[in-house]
Amino acid sequence: MEAVVKGLRERFKEGKTRPYEWRVSQLEGIMRLIKEREEEIMEALWSDLSKPQMESYLHEISLSKAACGLALKQLKNWMKPEKVASQIATFSSTAQIIPEPFGVVLVISTWNYPFSLSIDPVIGAVAAGNCVMLKPSEIAPATSAFFAKYLPKYLDDSCIIVVQGGVKETTALLEQKWDKIFYTGNGKIGRIVMSAAAKNLTPVSLELGGKSPVVVDSDVNLKIAVKRIVVGKWGCNNGQACVAPDYITTTKSFAPKLVDALKDTLETFYGKDPLESADLSRIVNLNHFKRLTDLLDDQNVSDKIVFGGKRDEKRLKIAPTLLLDVSLDSLIMKDEIFGPLLPIITVEKLEDSFELIDSMPKPLAAYLFTNNKKLEDHFVKNISTGGILINDVALHLANLNLPFGGVGESGMGAYHGKFSFEAFTHKKSVLSRGFATEMRIRARYPPYTPNKQWILRKVIDGSYVALLLGLLGLHRD
Amino acid sequence: MAITNQEEREEERDEEMVALGLESVVSEARDTFEKGKTKGFEWRRDQLRALLRLLEEKEDEMFQVLNQDLGKHRVEAFRDEVGVLIKSVDHAVQGLKKWMTPESVVVPLVAFPSSAAIVSEPLGLVLVFSSWNFPIGLSLEPMIGAIAAGNAIVLKPSDLAPATSQFLHDNIPKYLDKEAIKVVQGGAQVAEKLLNLKWDKIFFTGSPKVGRIVMTAAAQHLTPVTLELGGKCPAIFDSFKGSRDKNVAVQRVFGGKWGPCAGQACIGIDYLLVEETYAQTLIESLKGVLKKFYTKPEYMARIINAQHFERINNFFQEKSVSSSIVHGGSVDPDKLFIEPTILLNPPLDSEIMTEEIFGPLLPIITVKKIEESIEFIKARPKPLVIYAFTHNETLKQRLTKETSSGSLIFNDAIVQYALDTIPFGGVGQSGFGGYHGKFSYYNFSHKKPVLRRSFLTEFSIRYPEWNEKKLQLLRHMYRFEYFGFVMCFLGLKTIGKWKITTG
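Protein chains in written order, with our numbering: chain A, 98 to 574; chain B, 550 to 1052.
Here it is, written out as structure tokens:
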């Protein structure tokens, strides 16, 4: 492992990854990879997750293409130094902020969107001019193997390397020195990654998860709201998505209507026997299957199921399941569900849910369905979360102009679009001073006199007059 | 080793702190934040204004404690700390409304119609560790950002500058909201206890060694950190043709080495790189400037304490280092004074050339051609700043492209600290996270994207059941091809072939 990292470091030192042309060639390589290998990617996703091909296209292929396309289009702009104003205190000077790559970066991705969550950070890292090591998740082995096979064919494999493996390989990777680590996954491993990074003072981006709440008001167009909730939950890898709605809150009085609407929509989309529907991903592996069925079989929870609950261990399938008013102490309300179970918590007043959300760790996303502007503003102002979506679910990550990332337990750092470039970039300040305007009075230097102190005070404060006097040496005691 | 009086006092104070219930102090600040007190524009602006009043009204006291802790002359204290803070607070008060305004963002077709914005929100309760060399500046500068961003704050000033720490402890509550902004005094023990608590952000200024400890502790709570560390900041000194520019440059080198806290500054010039044929000229000029400016001992700060004095003094222990002294070298342990010292080509593997000096010793390393400095710098850890005094545009370009550092400054030193428009921070071993100006505001904020949709338009193609036509429409949408989308929608165009499998 050490030798591999050393090799990357040498390539970076040689300057191979810095020029615009190299970065463009790699981005074009990624674009070609996605276009030419679309079928293989779909197959891998099907093998790993039984992901409906529509989802694979919508969420993985097209978003990655869009990210790559945006980077190609904007790269020149992103690479440009930003000229900024300099101020009196450093008169006369020119100041700029120049983006430069960190160097050799490690991207550790996860299994639920194994293609896009690997390729998106790589797009950012490469656009920013870094050498990259990618470690895809071993829990999605077909996609991992896809990367190992095809990335070297389309990209410069002296600078972009794929390492496959599990805990052992990841631990070995984390022992190396990196200039940046980008991790997508859960909070427990996030802590391990950050601790390992601390040894080398390596900055990290942690894209974690959380319990993304959906607050549903009674004044909404229920039909549309429910469709959006359903597709945002079960249409996103069957709930195995970091921004999928985790639980719903609504008023006691509205809950029955909401539950009925959810049941109707679920049947419309997935039929009477959802275990047979081709439009639902399966659960990724037996481990997670058991985790989810354990949540359901908890004696305090199992009697709260109002819809669904069926499962098929052989095929690793769990039907969309609705639960009503489970205890807030149950595990299903403590841990991120990451599956097709949707608890609905009822409250007296909708505002009470804000308190509930506040009492839990900050989620990656929070959703509110309402037409009440005041409630909306209150929500935006008071709910701290990675991102907020009003009257829809999950879409915000498709907007490449919005930073995507968490806060608190849901992570640190953001990416997508320009933010991906910035996640792998050090913004270096460059200040250039002239010699012509050295103050005759030399106020900066000893011997320190009250005269000099006056000038310094004024110049630091931004006074042109003082500057002039200082320059000319005219101010007297 | 016998416990000194200072250490005894420290221990007492630490226990006192603990007894006073560190946790309750911190949880009060958190409660204040949870209540929402710090989020409003008025509160932030009023706190900043109050800070300004503190800086203006307590100026003499600040000069006093800085002189007591570090032997800083009042002009140096104003130039490097108080004055800069006044400027920063003014800048923050002016920029606050703009910084707090949500940023509108363009929205693509797929989410049409909707509006999107990026809303800044405070991270919550932040912990600021400051350092001893600019104990007021490095405490209050981060605080300005934290306040502007609407956070509650706990500040732990360095115990190595005790008079300043006491000053901050006594005066901050007099001017600022004492329910939201707390000052906790103490040493390593107190720091450790603080690090065990949960914070929403930790801002640390100090050494890489302690930086690692801070970040490791922060990892347990997934707390984001900013580490403002140090390093060996090199200054390349190119050969100048005439004497006018050379003289100005040498003055600025003086200002960059011995001016700020006798060289105990993270952005201070650590060592110089110069062509061997020019070295003597440079040394003579430096000697001249030292003579001209450094006419009284009070014009240079002293070494902070006996421990650091020993550390710096030890650099001389190696014979090959002490024999490379070309100017200065005298020390006074009682006064904690070390004379401005210039060394010529101490061995590159000596401690003075491998450790951050953080003192008034200036090694000069000669190279055959000035361009060799680039390789020299690249072979070493990334510093907080790289300085270069030169007219050579090619050299400047090469430095910009080929080296990496927190900042790169041409033809001056230290002054970048006062500039609000460029981020101030490190990279690699010198840290990460930048601040000053609006960067301070962002440093203590979470940028929260907010997307708003209406119920008016709905695209059924988002939903199952899936079919070929929906896929085609989506292909268009994702390419933001409005025209193609409409054509497809109307059934006038098809694109791509793709099988639906139901395996």
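We put the beta carbon where it would ideally sit given N, CA and C, even for glycine. The structure displayed is predicted, hence computed values, not measured ones.
- Ile685(B) and Pro691(B) have their C-alpha atoms spaced approximately 11 Å apart.
- Here Lys173(A) has Tyr117 as same chain residues with Cβ atoms under 8 Å from its own Cβ, once five neighbours each way along the sequence are excluded.
- The C-alpha of Leu203(A) lies about 14 Å from the C-alpha of Leu298(A).
- Here the alpha carbon of Arg288(A) sits roughly 6 Å from the alpha carbon of Leu771(B).
- Gly484(A) has its alpha-carbon roughly 13 Å from the corresponding atom of Asn498(A).
- Residues of chain B with a Cβ closer than 8 Å to the Cβ of Met509(A) are, in chain order, Leu771 and Pro773.
- Phe279(A) sits away from Pro371(A), with the two beta carbons spaced by 7 Å or more.
- Pairing Glu473(A) with Ile487(A) gives a Cβ-Cβ distance under 7 Å.
- When the beta-carbon positions are compared, Asp618(B) and Thr713(B) come within less than 7 Å of each other.
- For Thr482(A), the neighbours in chain B by C-beta distance under 8 Å run, in chain order, Lys997.
- In the DSSP assignment, Met230(A) forms a beta bridge with Leu203(A) and Ile258(A).
- Closer than 7 Å to the CB of Lys636(B) there is at least one CB belonging to chain A.
- The beta carbon of Asn488(A) sits closer than 7 Å to some beta carbon of chain B.
- Around the C-beta of Ser350(A), fewer than 16 other C-beta atoms lie within 10 Å, and the residue is accordingly described as exposed.
- Three or more pairs of CB atoms, one per stretch, sit closer than 8 Å, so the region 975-994 of chain B contacts the region 776-784 of chain B.
- Within chain B, the C-beta atoms nearer than 8 Å to that of Ala182(A) come from Thr970, in chain order.
- Sixteen is the threshold: since fewer than 16 other Cβ atoms of the shown chains lie within 10 Å of the Cβ of Leu1005(B), the residue is exposed.
- Note that the region 791-806 of chain B does not touch the region 894-906 of chain B; fewer than 3 beta-carbon pairs, one per stretch, sit closer than 8 Å.
- For Lys758(B), the enclosing alpha helix (DSSP H) begins and ends at Pro757 to Ala768.
- Thr952(B) and Ser869(B) have their C-alpha atoms some 30 Å from each other.
- Just measuring C-alpha positions, the residue of Thr207(A), Lys177(A) and Phe199(A) sitting nearest Gln193(A) is Lys177(A).
- For Glu670(B), the nearest CB of chain A lies under 7 Å from its own CB, placing it at the interface with that chain.
- For the beta strand (DSSP E) assignment, the uninterrupted runs of no fewer than 3 residues enclosed by the region 433-492 of chain A are, from N- to C-terminal side, 438-444, 462-466 and 484-487.
- Per DSSP, the unbroken beta strand (DSSP E) holding Ser526(A) starts and ends at Thr522 to Arg530.
- With three or more CB-CB distances shorter than 8 Å, the region 426-436 of chain A counts as touching the region 299-315 of chain A.
- Comparing C-alpha distances from Phe858(B) to each of Glu867(B), Asn700(B), Asp881(B) and Lys790(B) shows the shortest one belongs to Asp881(B).
- The Cβ atoms of Gly955(B) and Gly975(B) sit closer than 7 Å to each other.
- Thr587(B) sits buried, since 16 or more C-beta atoms from the chains shown fall within 10 Å of its C-beta.
- At a cut-off of 7 Å between beta-carbon atoms, Thr587(B) makes no contact with chain A.
- Note on geometry: alpha-carbon atoms of Leu389(A) and Gly436(A) lie some 7 Å from one another.
- In terms of Cβ geometry, Leu465(A) and Phe476(A) form a close pair [threshold 7 Å].
- If you draw a straight line from the Cα of Leu553(A) to the Cα of Ser481(A), it is about 43 Å long.
- Taken through DSSP and simplified to helix, strand or coil, Asp253(A) comes out as coil.
- Taking Ile923(B) as the centre and dropping the five residues before and after it, the same chain places the C-beta of Arg947, Leu948, Glu951 and Thr952 closer than 7 Å to its C-beta, in chain order.
- In this structure, Val490(A) sits near Pro342(A), with a CB-CB distance shorter than 7 Å.
- Check the Cα spacing between Ala599(B) and each of Ile832(B), Val739(B), Ala850(B) and Ile693(B): the tightest is with Ile693(B).
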